[in-house]
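This report refers to the structure that appears directly beneath it.
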Amino acid sequence: MKILYATSEAVPFCKTGGLADVAGSLPSALAEQGAEIAVVLPLYRQVRDRFGAELKFECYDYVDLAWRHSYCGLFSLERDGVTWYFIDNEQYFDRPGLYGYMDDGERFGFFSRAVVRMLPHMRFWPEVIHCNDWQTALVPIYLKDDGVREDRFRSIRTVLTIHNIEYQGRYSRDTLGDLFGLDAGWAADGTIMMDGDVNLLKGAILCADAVNAVSPTYANELKMAYFAHRLDHIMRRCEYKLSGVLNGIDMKLYNPETDPRITSHYSTRDMSGKDADKAELQKLMGLNQEPHTPIVAIVSRLVSHKGLDLICEVLHDMMELPMQLVVLGKGDQKYEEFFHWAADQYPGRMAVRLDYNEALSMSIYSGADLFLMPSKSEPCGLSQMIAMRYGTVPIVRETGGLKDTVQPYEAWRDAGNGFSFRNYASGDMLYVIREAVYLYKDYPDAFDRLRKRAMESDFSWARSARDYLRIYANITGQVWTTAQSQPEEPLEAEAAEEAVPAAEAAAAEMTAPTAEEQPAEGSAPVEEPVPAPAAEAPAEKPARRTARKPAAKKEPAAKKAPAKTAVRKAAARKTAAKEEPEELPVDSAIQEKPAKKTAAKKEKTTKKGPAKTKKEDAAE
Ligand code: GLC
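Going from the sequence shown to our numbering is simple: count from 1 and add 17.
Structure below.
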């Protein structure tokens, strides 16, 4: 399977947030499972400065964005089985920062256009382009637009991952043609418009073949007005192709046994290093050297959706507990001022650093005992997972990925890997903080067992990579099984059940392809046929996970009729593709998402697409 992953940031090249961590780890996890994967991102100044010597110049071309005709260089670099492509245009990307410029719309419009236009210069023609957030949201839109004229673009399927729906790429109506080079039809049918503005994310949600949020719970939340920043009705409309895939963390990078960034190493077998790290943290932050007082830590951007209002409300009640508090982060002035002021009230017991400091954050993850993250909304959240890996027990609000990664402590059966509360209410938060602090003080053995369970939680990328491969397989009509995915693991959260759409489940259920359905040679390492599932999901209804139980009576997979919706659709498309003339009626080309393997395969070898058709029709 050939995947092109388009992102606006990725570790280790450039980072402003969690997207960079995901884009830095997921591609190699996909490669480990056998996918052919390339990543494409802009060649920012900081990438050129730090990695310039390693970059290989591939070629250059010109990219048209409306009336602009701009130079576009393509550089590459190989790393961990992944090809990294960098799109070069100094006017757009040779700047000190990644975002925050007046012309961000134009910059990422250019980037998205370049991703599509530079495909012929890349190592492979992708079967799937995986886009992330609004910065690459134009890719599925341009593919549809170009697909009207060139068949080869129709062969590419798209996935859109929503890391945070708050950022949608909204621009005034007149940017549609003048900036993004799209014709009026895109606005006339409403695809790309919302509240009178061009809304790139909305357009991509409608155009992509699959959409996913970064946790199952967030995928569900996105259908609610409270979380969706006005896109809830679109998310509900697209529920059939929506799923939630929980992010992972880099388990090798974040490993208390080997991490060179922390003072003393430790593991669940020997935790003494953590005590030393705690003493070190207290020294570093000017806290009283008290080994038996729990340190509660906050490492966060200081912005409102992180739930900081709750902390402001009850900070003094918290500080009445026998605990110390450490805060690291910067952000909104009101929070910075509050924490700065509060730290002065509790010398030796509360320490604040208004900074973004990776080294210090690692000392906190390893030295603290409890990690507070009371977010109002949290698509996935990575820091609670990092904290757990370092034995710092999380206290979270049950939202998004926090709910999916933290199972609340249950004393009666000694279970759970953290603490959580449900309502966005400071009293509820205070209640669990108190519970956590007293568990630490009064029942150290129980706390240690809880801490170990947190450390042993599996947040590796392999599981998420499998989920993504399933999505890719589904939208391309391929069968994809990996050694690791047999036998199938149950999903971790009940919420996952809710969020798994028919499409994804159907992909997992796929029977072996008939000879006709075999994907293009060399396109994917198709393995042995998967056993045919027993339960039959109704064609139109979301298929539940339970339907994946192995068949009581197994038929030889190859003989089994491809009864599942996705298989049926794929087969239908194949037949249709065979019967149809080379040139598709334009409206079906844009509305439907035909697999058109045959045509696609043909196109891969020829450079020119079929005869052009009218743009106006495309807008229908
Ligand atoms: C965004 C989200 C965060 C998520 C990250 C990676 O930054 O706010 O919750 O973990 O993306 O997907």
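We treat Cβ as the ideally placed atom computed from N, Cα and C, and that holds for glycine. Please read all numbers here as calculations on a predicted model, not as lab measurements.
Taking the Cα positions, F356 is about 8 angstroms away from V344. Assignment of K258 by DSSP, reduced to helix, strand and coil, places it in the helix class. In the structure shown, F388 adopts extended strand secondary structure according to DSSP, grouped into three states. Excluding sequence positions up to five before and after V80, its CB lies within less than 7 angstroms of the CB of S87, C89, F127, R130, A131, R134, all in the same chain and listed in chain order. Sequence-distant partners of Q424 (beyond 5 residues in either direction) whose C-beta falls short of 6 angstroms from its own C-beta, in its chain, are G433, N434. Apart from the 5 residues on each side of it in sequence, E95 sits with its Cβ closer than 8 angstroms to the Cβ of W101 in its chain, given in chain order. Taking the Cα positions, K420 is about 19 angstroms away from D484. The residues R62, Y118, in chain order, have a CB closer than 7 angstroms to that of R112 in the same chain once the five nearest residues on each side in sequence are set aside.
For N491, the CB stays at least 7 angstroms from every heavy atom of the ligand GLC. In the DSSP assignment, S400 falls outside any beta strand (DSSP E) and within the unbroken alpha helix (DSSP H) covering 400–406. The alpha carbon of F103 has as its nearest neighbour, out of A55, F141, N149, the alpha carbon of A55. Residue pairing for H86: DSSP places it in a beta bridge opposite D81.
Shown here, N181 sits in coil according to DSSP, grouped into three states, outside any helix or strand. Placement of the Cβ of P308 at a distance of 7 angstroms or more from every heavy atom of the ligand GLC is found.
Distance from Y448 to F438 at the Cβ level is roughly 7 angstroms; contact confirmed, criterion being Cβ atoms closer than 8 angstroms. In its chain, beyond the 5 residues on either side, P391, S443, M446 have a beta carbon closer than 6 angstroms to the beta carbon of L327.
Around the beta carbon of A205, fewer than 16 other beta carbons sit within 10 angstroms, so the residue counts as exposed. Distance from E49 to I20 at the Cβ level is roughly 13 angstroms; contact not present, criterion being Cβ atoms closer than 8 angstroms. In its chain, beyond the 5 residues on either side, A428, D431, L456 have a beta carbon closer than 8 angstroms to the beta carbon of A463.
Proximity to N374 across Q350, P411, V316, L399 peaks at V316, based on C-alpha coordinates. The C-beta distance from L387 to V313 rounds to 5 angstroms, short enough to fall under 8 angstroms. Residues N264 of the same chain have their beta carbon placed closer than 6 angstroms to that of V39, with the five preceding and five following residues left out of the count. Put simply, the residues with a CB less than 7 angstroms from any heavy atom of the ligand GLC are G34, G35, L36, D38, V39, H180, N181, V231, N264, E395, P396, C397, G398, L399, G417, G418, in chain order. Here H138 is near C76, since their CB atoms are less than 8 angstroms apart. Each residue's CA atom was taken as its position, placing I492 and A479 some 20 angstroms apart.
In the DSSP assignment, I222 falls within the unbroken alpha helix (DSSP H) covering 217–224. With a beta-carbon spacing of about 6 angstroms, P396 and A230 fall inside the 8 angstroms limit used to define contacts. Non-local beta-carbon contacts of H246 in its own chain, meaning distances under 6 angstroms to residues more than five positions away in sequence, involve I182, E183 in chain order.
Residue pairing by DSSP places V228 opposite L177, L259 in a beta bridge. R253 counts as exposed, since fewer than 16 other beta carbons sit within 10 angstroms of its beta carbon. Approximately 18 angstroms separates the beta-carbon atoms of L270 and G384; this is outside 8 angstroms, ruling out the contact. For R470 and I403, the gap between their C-alpha atoms comes out near 14 angstroms. M336 sits away from T310, with the two beta carbons spaced by 8 angstroms or more. Annotation for C31: no beta strand (DSSP E) segment contains it, and DSSP assigns it neither H nor E. The DSSP-derived three-state label of D214 is strand. The three-state secondary structure of K458, taken from DSSP, is helix.
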